[in-house]
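Before any comments, here is the structure.
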Amino acid sequence: MKLFRATTRKLAALSFFLASLLIVPSAYAGPFEDALAKLAADSFSDTADAIAEIAASGHVDSEAVISGISDRRVLFDPASKTVYLRDTSGKLKNLATGAAEPKEPEGLKSVRQNNRVRTAVDAALGTLRLISPDPNKRLEAANAVFKSRDADALKLLNAALAKETDPRVKKALGEARAAILIAAPNTSENDRIAAISLIGAKGDQDALALLRSVPADASPSVKAATAAAIATVERSLAFWEVGQNVWYGLSLGSVLLLAAIGLAITFGVMGVINMAHGEMVMIGAYVTFVVQEVIRQHYPALFDYSLAIALPLAFLTAGLVGVLIERGVIRFLYGRPLETLLATWGLSLILQQAVRTVFGPTNREVGAPSWMSGAFELGGLSITYNRLWIIVFSMTVFIALLFVLRYTRFGLEMRAVTQNRRMASSMGIKTSYVDALTFGLGSGIAGIAGVALSQIDNVSPNLGQGYIIDSFLVVVFGGVGNLFGTLIAAFSLGIANKFLEPFAGAVLGKILILVLIIIFIQKKPRGLFALKGRAVEA
Amino acid sequence: MFNIFKKLGVTAGAAALAVSISAAPAAAQETVKVGILHSLSGTMAISETTLKDVMLMLIDEQNKKGGVLGKKLEAVVVDPASNWPLFAEKARELIVKDKVSVVFGCWTSVSRKSVLPVFKELNSILFYPVQYEGEESEKNVFYTGAAPNQQAIPAVDYLAKEYKIQRWVLAGTDYVYPRTTNKILEAYLKSKGVKDEDIMINYTPFGHSDWQTIVASIKKFGTGGKKTAVVSTINGDANVPFYKELANQGVSAKDIPVVAFSVGEEELAGIDTKNLVGHLAAWNYFQSIDTPENKAFIEKWKAFTKNPKRVSNDPMEAHVIGFAMWVKAVEKAGSFEPTKVIEALPGIKAKNLTGGESEMLANHHITKPVFIGEIRADGQFDVVWKTDGLVPGAAWSPYLEGSKDLVADWVKLKCGNYNTKTNKCGS
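Protein chains in written order, with numbering that gives the first Met the number 0: chain Y, 0 to 537; chain F, 0 to 426.
If you want it as structure tokens, here you go:
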């Protein structure tokens, strides 16, 4: 029996040898081909293994295959287990034979990914691209290796480091090497300490995570070096954290300012308790959604300009709705705050339900143009583009509004009417006309606030409700009728909130702010910047 | 002024009465009423409107098959407007005035708690389709959504096993479901040897929109030198700004994965998911699950709503199962009488949409499979893990001090909170 088995094995080996002799020229079953078979197995762990093997195989197609997996361009036939690569132009190639496939076989499935596969792709591409001619790709690769800490990349890393000329890439490569050395078990003590101090100098959160992962059973000198490096990183992070909180506060303040600035006109200047203010913001956000839908369907190239196109339209739509509300409802209720409050609250419910009926109750997707996505690092601060642009935008709106009020004829008439209606009327100003336009202006500004808020919040019928209380808070706190008060109030509330939040938590922080404002209003009922003089009495 | 209103009110009331009287005799003979109690306006409309549509579709479909026990079903839709006390009023209206045989409804736990006394008092049936915090089992309520052991616990196990997670952020909206779920998870994690300093718990108000500080503190927590994950019980509207902030601050699923219990296809429809690829959700159903039942259901759903882009989600499937179970129980009992149907329901089996057969248990919860999905770039989920079979829903968590001795059994013990230590019903 044993003999028989041995002979069959020998025979099998022989026949395999013969067969492989025959096949060699067309398809030698090397590591690359073995790995391809694993890709077709449709299992996440096999795919992850296959990626590492493909990267190590040194095959000419390695990089194309691995980057193809992340773009879902690597396909396989579940029946025949053949693996194909679709290149960026859409042509199909049989990876095992290297031949182009003119006709697409039916039932192809793309290789599926999960986080493990994606991590494997990043690590493999990092290793493969370390010697890429493009310095940006090398930088990306170095960062990928820093994250994957793949000990196999060390040799390549040393080679890349030796001939690197770009200082930025060189630094990243050095850090990646240090990251591997810290984790590797057979690093010499001196190397390890040098690596720790290099990572300590990097000084960011990634460095901290890496340093904290140094095993507890390290030698005393390594431990001391780690502790020292951690302390340095923590000091620098604590310093930047204050700056980060100020930044978050400014950004929250700018959102509050945007939401409140329209109300500063309708409530602050005109004295109308406008509960439908939030719905004007919502209308602006839905205008943005509609504009983006049209652009997506008809002019996709214009997508990056969608917000710029939406701005005037949102201003006009919300402004028009505002004028209609003023003419239709509010003008009959001047001087009767309670009725105004109830009527505008009713209007807000009507507007919400109308939007719900037309657009449906679910959230609508408003995309971010490329210039508003992502973040950049400024020292230890990470600044997100959308927040940066919203701060710039809210300041622009504020300055533009101030300009309109101070230097245009409409602004003059508006101030005249709100300060002394009868006097303005006897000077020949059509007060009802000015009322309607003022309300329209306030609503229109709420509309363009909606365009900006669509970038950070839900576009749903409830969008406005979240901002109405905050808006009133800001206007009352800043002093009714004073635009500068609104500005200062928005930013001080924003910053105070963001400094309280880390200690008190989001829920308690909000309560504390409310309590502080109530106490403040008790002391100064007219807010931060009370109007003085006769205008107050009118 | 007031007199006019009074008069108007009286006439309107009289008119309504006249209409209902004239309509009643004609309808009562051949139809049986099914109540639908989902908010169609207010904050919860975003989630609940879909469930109303699903119920209308299921009832319509059943009628085309000839109804139940030879009678046509008639849907009675009311709008409790996301207002918890109004839920109780509308429930009473459905049972007393419209004389419905069964009610499908509620979403938030607080709305369910609000209608409970009404269903108990009037002895009617409520099918509750949403994943919830557990710690409850009532005679008149059938829970077709997931209990914590059918969603939260398996998700945490998956992360610990697959991602070797050792540090946990439990982030939630500040109300009963996240608080109870997090309490259970915290006790569970500690029982698995996770230390206090490796758990961070964070609550935010409903509709929270400024997530900068919290996302930054999650990032900071992630620098502890151990693999970190976020378990999110953040509910409703707050999710969109949360995920946008995660994407903008560059928190990728490869570094700090987020597993969510309240984010499904419907919630993702409002977000650009390109930067969220790989974040996770745990549910008992995903639209992307490839079974013939699911395919047929999605086709019917898209045709019924006349919208090829409509997505399906987990609570919808719960209603599909719940409705099928109710129909079978009515047929088994041979009557629409709630008392008989309640008795007939435990043990009833109905096909779910993921290829299995769910069973109504004696504790009024059902058996369900658990799936973990990763977010794809197109807003759908790739299932990356599932339980081997169906997991029976547990009403009382074994990890909480107050509930570990309790069992619910409405068949033998006739009790929802039987204490096995004192052998008494009622804790």
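All C-beta atoms in this analysis are idealised placements derived from N, C-alpha and C, irrespective of residue type, glycine included.
Pair within 7 angstroms by beta-carbon distance, residue i and residue j
| i | j | result |
| --- | --- | --- |
| P397 (chain F) | I124 (chain F) | no |
| R71 (chain Y) | S109 (chain Y) | yes |
| I444 (chain Y) | I260 (chain Y) | yes |
| Q286 (chain F) | V250 (chain F) | no |
| N427 (chain F) | D404 (chain F) | Absent from the model: residue 427 (chain F). The displayed extent of chain F is 0 to 426, so no value can be given. |
| I183 (chain F) | T272 (chain F) | no |
| P256 (chain F) | A228 (chain F) | yes |
| K367 (chain F) | R117 (chain Y) | no |
| V271 (chain Y) | G480 (chain Y) | no |
| V416 (chain Y) | T430 (chain Y) | yes |
| I50 (chain Y) | A123 (chain Y) | yes |
| V506 (chain Y) | Y202 (chain F) | yes |
| E52 (chain Y) | P77 (chain Y) | no |
| G439 (chain Y) | V280 (chain Y) | no |
| A313 (chain Y) | V450 (chain Y) | yes |
| G446 (chain Y) | I329 (chain Y) | no |
Segment limits, alpha helix (DSSP H) that includes residue i
| i | result |
| --- | --- |
| A183 (chain Y) | Where A183 (chain Y) is concerned, there is no enclosing alpha helix (DSSP H), given that its DSSP letter is neither H nor E. |
| L585 (chain Y) | Within the shown structure, residues of chain Y are numbered from 0 to 537, placing residue 585 (chain Y) beyond reach of any answer. |
| M279 (chain Y) | H276 to H297 |
| R137 (chain Y) | P134 to S147 |
| D408 (chain F) | Note, D408 (chain F): premise wrong, no alpha helix (DSSP H); beta strand (DSSP E) at L405 to D408. |
| S491 (chain Y) | L482 to K522 |
| A342 (chain Y) | P336 to F358 |
| T49 (chain F) | A44 to K63 |
Helix, strand or coil at residue i according to DSSP, with G and I counted as helix
| i | result |
| --- | --- |
| E100 (chain Y) | strand |
| V434 (chain F) | Outside the displayed span of chain F (0 to 426) sits residue 434 (chain F), for which this structure offers no information. |
| M426 (chain Y) | coil |
| M394 (chain Y) | helix |
| S19 (chain F) | The predicted position of S19 (chain F) is uncertain, since its pLDDT is 41 and thus under 50; no value can be drawn from it. |
| T290 (chain F) | coil |
| T46 (chain Y) | helix |
| W384 (chain F) | strand |
| R363 (chain Y) | strand |
| E431 (chain F) | The question about residue 431 (chain F) has no answer here: the residues shown for chain F are numbered 0 through 426. |
| E400 (chain F) | coil |
| G372 (chain F) | strand |
| H58 (chain Y) | coil |
| I308 (chain Y) | helix |
| H318 (chain F) | helix |
| T222 (chain F) | coil |
| V473 (chain Y) | helix |
Residue i - containing beta strand (DSSP E), residue span
| i | result |
| --- | --- |
| W282 (chain F) | L279 to W282 |
| N416 (chain F) | C414 to N418 |
| A74 (chain F) | K71 to V77 |
| K348 (chain F) | K348 to K350 |
| Y127 (chain F) | L125 to Y127 |
| A228 (chain F) | T227 to T232 |
| A237 (chain F) | Segment: none, A237 (chain F) is in no beta strand (DSSP E) and carries neither H nor E. |
| A259 (chain F) | V257 to A259 |
| A374 (chain Y) | A374 to L377 |
| T407 (chain Y) | First-last for T407 (chain Y): undefined, no H or E at that position. |
Residue i beta carbon near the ligand SAH (any heavy atom closer than 6 angstroms)
| i | result |
| --- | --- |
| G439 (chain Y) | For the structure depicted, the ligand SAH is absent and the ligand set is empty, with no information on it obtainable. |
Nearest-angstrom Cβ-Cβ length linking residue i and residue j, presumed shorter than 8 angstroms
| i | j | result |
| --- | --- | --- |
| W282 (chain F) | G372 (chain F) | 7 angstroms |
| L84 (chain Y) | G67 (chain Y) | 5 angstroms |
| G242 (chain Y) | G493 (chain Y) | Not a contact, Cβ separation roughly 15 angstroms. |
| L160 (chain Y) | L172 (chain Y) | 5 angstroms |
| I294 (chain Y) | F302 (chain Y) | 6 angstroms |
| Y142 (chain F) | H364 (chain F) | 5 angstroms |
| V390 (chain F) | V410 (chain F) | That belief does not hold up - the Cβ atoms of V390 (chain F) and V410 (chain F) are roughly 20 angstroms apart, past 8 angstroms. |
| G378 (chain F) | A268 (chain F) | 6 angstroms |
(request) Only counting runs of 4 or more residues, tell me where the alpha helix (DSSP H) segments fall wholly within the region 427 to 470 of chain Y, in order along the chain. (result) 430 to 452
(message) To test your reading of the DSSP string, which unbroken alpha helix (DSSP H) runs of 4 or more residues are found completely within the region 60 to 126 of chain Y?
(response) 61 to 69
(request) For the region 135 to 213 of chain F, list the beta strand (DSSP E) runs that are entirely contained and at least 3 residues long, ordered along the chain. (result) 140 to 142, 166 to 172 and 198 to 203
(message) I'd like the ranges of any beta strand (DSSP E) spanning at least 3 consecutive residues and lying wholly in the region 77 to 131 of chain F.
(response) 101 to 104 and 125 to 127
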